[in-house]
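FYI, the numbering used here numbers position 219 of the sequence shown as 204, with every residue one higher than the one before it. All C-beta atoms, glycine included, are put in the ideal place defined by N, C-alpha and C. All values derive from a computational prediction rather than experimental measurement.
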Amino acid sequence: MLVVYLLMNATIFITGGAGFIGSHLVDELLARGHRVISADNFALGRRENLAAALKNPRFTFRELDVNNLGATVAFLREQGQVDEVWHMAANSDIPAGVNNPDVDLNLTFLTTFNTLKMMRTLGIPRLVFASSSAIYGAHDGDLREDTGPLFPISNYGAMKLASEGCITAALESFLKQVWIFRFPNVIGGRATHGVIYDFLKKLRANPAELEVLGDGTQEKPYLHVTELVNAMLHIRDHGNQRLNYFNIASVKSAATVRFIAEAVVRTAAPGASIRYTGGSRGWVGDVPKFSYSIEKLQALGWLSKLTSQAAVERAIQENLHLAK
Ligand SMILES: NC(=O)c1ccc[n+]([C@@H]2O[C@H](COP(=O)([O-])OP(=O)(O)OC[C@H]3O[C@@H](n4cnc5c(N)ncnc54)[C@H](O)[C@@H]3O)[C@@H](O)[C@H]2O)c1
């Protein structure tokens, strides 16, 4: 069923707005003239990420755990009518969730569950959700939106898949429209985690050698955060189904861990050696190789400008301070 509801001068609540992707989204929605409200508990987010936004009179921020339903509802009641919610809060440290499953239960699943309860209480009709390639698990060939069966191999992926399920159930009962985005590896300035972040931090600790988990052949699509935000807003404005769900990735390209390690060393610590720990998998819960079909996204009229490799080179420059 087609539902046309354009995002114009809307009031938008973003969970996890002090995080990597959330803060770029806050900046872009403010630049497009919206009123933006956000909450973050600073589990991984940082106030500095919102330095520019906090000066904008159309922005309101509260340090808040969105699993505290009463406090979140009370905060939003103070703000007047909210048109839609962009739910970005989650645990983004996948290995942390492998070691302790409670992390993803609380931060990845329950934040979604409680966000839905909050929306039902306040009668907010539209939800945009940050999902992940991790819901697919390991498959050969390009991952399409209808690839299955879906057997995630990390708690993080499992809790994102469960979140998608609760969201589609809510669409059946009280939500009016939903956009689910399955992100690839997103990189760029203000990163709070991820392979480039880890490599630069490791070089800071030991500028002579970079240790790389696995044999460097792990290969995935990478997308620069500015392009991700741009793609999300494009889909939000042009995806007119009641339930819109899309893979988002760069034009068909991927980067290997070896490519990233060599680029990081070349830029941040020329001359450092690279030591691979061996084996085709990096860490438990990691899908070592995947590629995305972006046919659906292309058909909606969006294509990235940067390849995965170009996005990697740019993101290294933007995060170079981490190695110093
Ligand atoms: N970065 C990626 O490559 C990637 C890939 C796939 C999906 N995603 C998803 O995109 C979203 C944003 O990820 P990111 O990379 O910006 O990670 P991030 O950790 O920088 O951002 C998540 C934010 O949520 C906040 N948060 C966590 N639990 C909270 C809670 N209970 N209450 C309030 N705030 C809470 C954190 O403090 C953090 O600021 C997440 O849902 C993540 O799972 C990211």
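Under 8 Å between C-beta atoms of residue i and residue j
i: N26; j: L61; result: no
i: T202; j: R260; result: no
i: S238; j: S158; result: no
i: V11; j: L29; result: no
i: L291; j: R299; result: yes
i: V249; j: L307; result: no
i: D68; j: T(-4); result: yes
i: G18; j: F46; result: no
i: L128; j: N232; result: yes
i: R227; j: Q162; result: yes
i: L285; j: I181; result: no
i: A246; j: V197; result: yes
i: I152; j: F114; result: yes
Buried versus exposed call for residue i [16 or more other C-beta atoms within 10 Å across all chains shown]
i: L135; result: exposed
i: S77; result: buried
i: P42; result: exposed
i: E149; result: buried
i: Q302; result: exposed
i: A59; result: exposed
i: G108; result: exposed
i: W164; result: buried
i: N229; result: buried
i: M(-7); result: exposed
i: G122; result: buried
i: H223; result: exposed
i: S258; result: exposed
i: D89; result: buried
i: R111; result: buried
i: A38; result: buried
i: A155; result: buried
Cβ-heavy atom distance, residue i to ligand 2, below 7 Å
i: G179; result: No copy of ligand 2 occurs in the structure displayed; its ligands are ligand 1 alone.
Neighbourhood of residue i by C-beta, 7 Å cutoff - its chain only, sequence neighbours within 5 removed
i: S139; result: I79, G82, V83, A119 and G270
i: S265; result: G199, D200, T202 and P273
i: F94; result: M144, A147 and S148
i: L14; result: I(-3) and V21
i: V236; result: L288, S289 and T292
i: L54; result: N99, K102 and M103
i: G179; result: N170 and I172
Close beta carbons around residue i, own chain, < 8 Å, minus the five adjacent residues each side
i: T0; result: G7, S23, A24, D25, V51, V70, W71, H72, M73, A74, T96 and T100
i: K309; result: R189
i: S117; result: Y141, G142, K145, R167 and F168
i: K186; result: L307 and A308
Coarse secondary structure for residue i, derived from DSSP in three states
i: I245; result: helix
i: A37; result: coil
i: V171; result: strand
i: V11; result: helix
i: F184; result: helix
i: Q64; result: coil
i: L135; result: coil
i: R266; result: coil
i: V83; result: helix
i: V21; result: strand
i: K161; result: coil
i: Q226; result: strand
i: I6; result: helix
i: F166; result: strand
i: E130; result: coil
i: V236; result: coil
i: F114; result: strand
Contacting residues, own chain, Cβ-Cβ under 6 Å from residue i (five flanking each side not counted)
i: A240; result: Y207, S293, Q294 and V297
i: F5; result: R175, A176 and T177
i: S86; result: As written in the sequence, residue 86 is Pro, which differs from the Ser given in the question. Taken in chain order, the residues that qualify are N140.
i: H9; result: V210 and V214
i: E204; result: A239, T241 and K274
i: D125; result: none
query: Is the segment 181 to 193 touching the segment 275 to 282, taking contact as three or more C-beta pairs under 8 Å?
result: Fewer than three Cβ pairs drawn from the segment 181 to 193 and the segment 275 to 282 lie within less than 8 Å of each other, which leaves the two stretches out of contact.
message: Quick test of the definition: if touching needs 3 or more C-beta pairs under 8 Å, does the segment 166 to 179 touch the segment 209 to 216?
response: Because the criterion of three Cβ pairs below 8 Å is met, the segment 166 to 179 and the segment 209 to 216 touch.
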